[in-house]
Amino acid sequence: MSFFYFINQLEKQNETYSEVQMKKIMILSTGGTISAYHENRLDFRNYQSGYYSGDYILEQIPEVHQYVDVDVEQIANLSSTLINTEHWLILREKINTYLNKDHYDGVVITHGTNTIEETAYFLNLTVNTNKPIVITGAQRPLSALSSDAPINLLNAVKVAASDTSYGKGVLVVLNDQISGARAVTKTNTYRLETFQSIEQGYLGFIDPDDKIVFYQSPVRKHTYLSEFSIMKFKKLPEVDIVYSYAGANGKVIRSLIESGVKGIVVAGTGAGRCSYEEEKALEEAAKQGIKIVMSSRYGNGRVVPLEKYDYLNVITADNLPPHKARILLMVALAKYNEQDRIQDVFHIY
Numbered sequence: 000m001s002f003f004y005f006i007n008q009l010e011k012q013n014e015t016y017s018e019v020q021m022k023k024i025m026i027l028s029t030g031g032t033i034s035a036y037h038e039n040r041l042d043f044r045n046y047q048s049g050y051y052s053g054d055y056i057l058e059q060i061p062e063v064h065q066y067v068d069v070d071v072e073q074i075a076n077l078s079s080t081l082i083n084t085e086h087w088l089i090l091r092e093k094i095n096t097y098l099n100k101d102h103y104d105g106v107v108i109t110h111g112t113n114t115i116e117e118t119a120y121f122l123n124l125t126v127n128t129n130k131p132i133v134i135t136g137a138q139r140p141l142s143a144l145s146s147d148a149p150i151n152l153l154n155a156v157k158v159a160a161s162d163t164s165y166g167k168g169v170l171v172v173l174n175d176q177i178s179g180a181r182a183v184t185k186t187n188t189y190r191l192e193t194f195q196s197i198e199q200g201y202l203g204f205i206d207p208d209d210k211i212v213f214y215q216s217p218v219r220k221h222t223y224l225s226e227f228s229i230m231k232f233k234k235l236p237e238v239d240i241v242y243s244y245a246g247a248n249g250k251v252i253r254s255l256i257e258s259g260v261k262g263i264v265v266a267g268t269g270a271g272r273c274s275y276e277e278e279k280a281l282e283e284a285a286k287q288g289i290k291i292v293m294s295s296r297y298g299n300g301r302v303v304p305l306e307k308y309d310y311l312n313v314i315t316a317d318n319l320p321p322h323k324a325r326i327l328l329m330v331a332l333a334k335y336n337e338q339d340r341i342q343d344v345f346h347i348y
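Mapping of the sequence shown onto this note's numbering: position 257 corresponds to residue 256, and the numbering continues sequentially without gaps.
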C-alpha cells in the first residue's frame with residue numbers, strides 16, 4: 000500500500016462538510032426576537048419582532064452553508080406571544096411532510112423565546128419522525144450589538160445535521176446548550192443563559208471544535224415513539240390554567256366552567272395545593288366532567304396524589320410546569336376521556 004494512497008484515504012475521512020456528505024436542512028421561520036429590528040443597536044427592549052424574514056436572517060450568516068444545504072419557508076413572522084395552537088398544528092404538518100421525504104435530513108425552527116418551550120413540547124408529543132427537529136431563538140434582536148441570533152441559528156443547524164441528534168425528540172438550542180423539549184424552561188427575562196433544564200440538566204453542548212456532544216437522552220416517550228404522533232388533529236380541546244395564591248376565591252374557576260373548557264390545570268401552591276374556595280369550585284368542575292390537573296406554580300419537583308383531593312378525581316402533573324401540563328392535557332383529551340388513562344399519559348410523557 001503506497002504512502003499516497005494512505006494520504007488520499009485520510010483526506011477523504013476529513014471531508015466532513017463536503018458536498019457529498021452535506022445534509023439537507025429545512026428552516027421554518029416563525030418570527031420572534033431572532034428576527035427583530037430596532038434602529039438603535041443598544042435597544043434590547045423596544046424592538047419589532049418579525050421584522051426580518053427567514054431568508055434575510057440566513058443571508059446574514061453565510062457560514063451556515065459551510066455545514067449544510069438549506070431551504071427556508073416562512074410559516075409566520077410575529078412575536079411568540081402571538082403563537083397559538085393553530086400555528087402548532089401548521090408546524091406539525093409541515094415537519095411531518097418534509098421529514099417523511101428522503102430529501103430532508105432535519106428541520107430547524109426559528110421562534111420567539113417567550114413561548115418556544117411550549118411549541119417545542121407540543122411538537123415533541125405529536126410529530127412522527129426520528130429525524131432531528133431543532134428549535135432556536137434569541138434573547139437579543141438580530142439588529143442589536145452582540146446579538147446571539149447568528150450563533151444560535153448556526154448552532155441549531157449543526158445540531159440538526161448531526162447523526163447524534165437522531166431519535167432524541169425535539170431539541171431546544173440556545174447559548175451553546177442543547178435541551179430536551181420536555182424539561183427546558185425559560186428562567187430569566189434577559190440573560191443569555193435563560194434556558195435551563197433545572198432538575199434534569201442539559202442533554203448536550205455545541206463546542207468550538209464543531210463537535211455536537213450529548214451526555215444524556217430523554218427517557219419519556221416522544222415524537223415517533225408517541226401514540227399521539229399518528230393522530231389527526233383538527234382542533235385541540237380547550238384547556239386553561241388557574242394560578243393559585245393565598246386567599247384565592249375560586250371565581251376564575253367558575254368562569255372557566257361557564258366558558259365550557261374541557262380541562263383545567265391548577266398551578267398550585269407548594270406540592271400542588273389550592274385554597275378552600277378554589278377546592279369548592281374545582282368540585283363543581285369535576286361534577287361537570289371537566290378534567291382537573293394539579294401542578295405546582297414553582298415549576299420544579301413532582302406533584303403526587305393527595306388523599307384530600309381524591310374526591311375531585313385530580314390528575315397529577317408529575318414534574319411538568321403548568322403551561323406544559325396544559326399541552327399534555329389538551330393532547331390527551333383529543334384521544335381519551337378516562338381518568339386513569341389520562342393519568343397514565345402524565346406518567347409516560
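The beta carbon of each residue, even a glycine, is placed where N, CA and C say it ideally should be. Since the structure is predicted, the reported quantities are computational estimates derived from the model, not experimental observations.
Could you say which of the options lies nearest to residue i if we only look at CA atoms?
i, options, result
"Ser28", "Asn299, Tyr46, Tyr55", "Tyr55"
"Arg253", "Lys231, Lys130, Ile289", "Ile289"
"Pro236", "Lys261, Val171, Tyr244, Tyr223", "Lys261"
"Gln73", "Ile108, Ile263, Arg44", "Ile108"
"Leu41", "Gln199, Ser145, Gly249", "Ser145"
"Ala75", "Ala324, Tyr51, His64", "Tyr51"
"Pro140", "Leu305, Ile205, Ser78", "Ser78"
"Leu311", "Tyr275, Pro320, Asn95", "Tyr275"
"Gln195", "Ser295, Ser178, Asp208", "Ser178"
"His322", "His346, Ala266, Ala284, Asp343", "Ala266"
"Gln342", "Val292, Thr193, Glu306", "Val292"
"Ile132", "Gly203, Thr222, Tyr66", "Thr222"
"Leu255", "Gly271, Ala284, Phe227", "Ala284"
"Thr163", "Ala182, Ile205, Val126, Ser142", "Ile205"
"Thr184", "Pro304, Pro61, Thr135", "Thr135"
"Ala350", "Asn336, Ala245, Gly300", "Outside the displayed range of the chain (0 to 348) lies residue 350, so it cannot be described from this structure."
"Trp87", "Ser258, Tyr103, His110", "His110"
"Thr112", "Gly30, Arg325, Lys307", "Gly30"
"Lys157", "Lys334, Arg325, His346, Met21", "Met21"
"Tyr46", "Val69, Ile24, Ala143, Val106", "Ala143"
"Leu202", "Lys210, Gln176, Thr186, Arg190", "Gln176"
"Ser161", "Lys23, Phe43, Val313", "Lys23"
"Ala270", "Lys233, Ser258, Val302", "Val302"
"His64", "Lys130, Gly49, Phe43, Asn154", "Asn154"
"Glu282", "Tyr297, Ser294, Val313, Pro304", "Val313"
Take the Cβ of residue i as the centre, count every other Cβ of all protein chains shown within 10 Å, and call the residue buried at 16 or more, exposed below.
i, result
"Tyr214", "exposed"
"Ala280", "buried"
"Gly200", "exposed"
"Tyr348", "buried"
"Asn174", "buried"
"Val218", "exposed"
"Arg91", "buried"
"Met0", "Because Met0 carries a pLDDT of 49, less than 50, the predicted location of this residue cannot be relied on, and no value is offered for it."
"Val264", "buried"
"Ser34", "buried"
"Asn83", "exposed"
"Asp419", "Residue 419 falls outside the range modelled here, since the chain spans only 0 to 348, and no answer is possible."
"Leu9", "The pLDDT assigned to Leu9 is 36, lower than 50, so where the model puts this residue is not dependable; a value taken from the coordinates is nonetheless given after this. Its Cβ having fewer than 16 others within 10 Å, Leu9 is exposed."
"Ile240", "buried"
"Met230", "exposed"
"Asp309", "exposed"
"Phe3", "Because the pLDDT of Phe3 is 45, which lies under 50, any placement of that residue in the model is unreliable, and the number read from its coordinates should be weighed accordingly. Looking at its Cβ environment, which holds fewer than 16 other Cβ atoms inside 10 Å, Phe3 is exposed."
"Lys11", "Below a pLDDT of 50, predicted positions are generally treated as unreliable, and Lys11, at 39, falls in that range; no measurement from the model is reported."
"Lys250", "exposed"
"Gln359", "Shown here, the chain extends from 0 to 348; a query on residue 359 therefore has no answer."
"Val19", "Its pLDDT being 40, under 50, Val19 is placed unreliably in this model, and the coordinates cannot settle the point."
"Lys210", "exposed"
"Lys167", "buried"
"Thr15", "Note that Thr15 has pLDDT 42, beneath the 50 cutoff, so the model's placement of it is unreliable and no number is given."
"Pro320", "buried"
Provide the residue span of the beta strand (DSSP E) that contains residue i, from first to last.
i, result
"Thr193", "Where Thr193 is concerned, there is no enclosing beta strand (DSSP E), given that its DSSP letter is neither H nor E."
"Lys93", "Where Lys93 is concerned, there is no enclosing beta strand (DSSP E), although the alpha helix (DSSP H) it sits in stretches over 84-98."
"Glu72", "67-77"
"Ser52", "That residue, Ser52, is in no beta strand (DSSP E); it is neither H nor E in DSSP."
"Leu27", "22-30"
"Tyr242", "238-242"
"Ser290", "Residue identity check: residue 290 is Lys in the sequence provided, not Ser. Where Lys290 is concerned, the enclosing beta strand (DSSP E) stretches over 290-295."
"Val106", "105-109"
"Val264", "262-267"
In the DSSP assignment, find the alpha helix (DSSP H) that holds residue i and state where it starts and stops.
i, result
"Glu306", "Counting along the chain, Glu306 falls outside any alpha helix (DSSP H), and DSSP gives it neither H nor E."
"Ala148", "148-159"
"Ser258", "250-258"
"Ile211", "Taken as a continuous stretch (DSSP letters only), Ile211 belongs to no alpha helix (DSSP H), being part of the beta strand (DSSP E) at 211-213."
"Leu332", "321-332"
"Glu276", "275-286"
"Ile341", "338-347"
Cβ-heavy atom distance between residue i and the ligand ADP below 7 Å?
i, result
"Met293", "Absent from the structure shown: the ligand ADP. Ligands present: none."
Inter-stretch contact at 8 Å, needing at least 3 Cβ pairs: the region 112-129 / the region 146-162: No, they do not touch.
3 or more residues per run - each beta strand (DSSP E) lying fully within the region 168-202: The DSSP assignment places 169-173, 176-179 as complete runs of the beta strand (DSSP E) inside the region 168-202, in order along the chain (cut-off: 3 residues).
Whole beta strand (DSSP E) elements within the region 114-148, 3-residue minimum: 132-135
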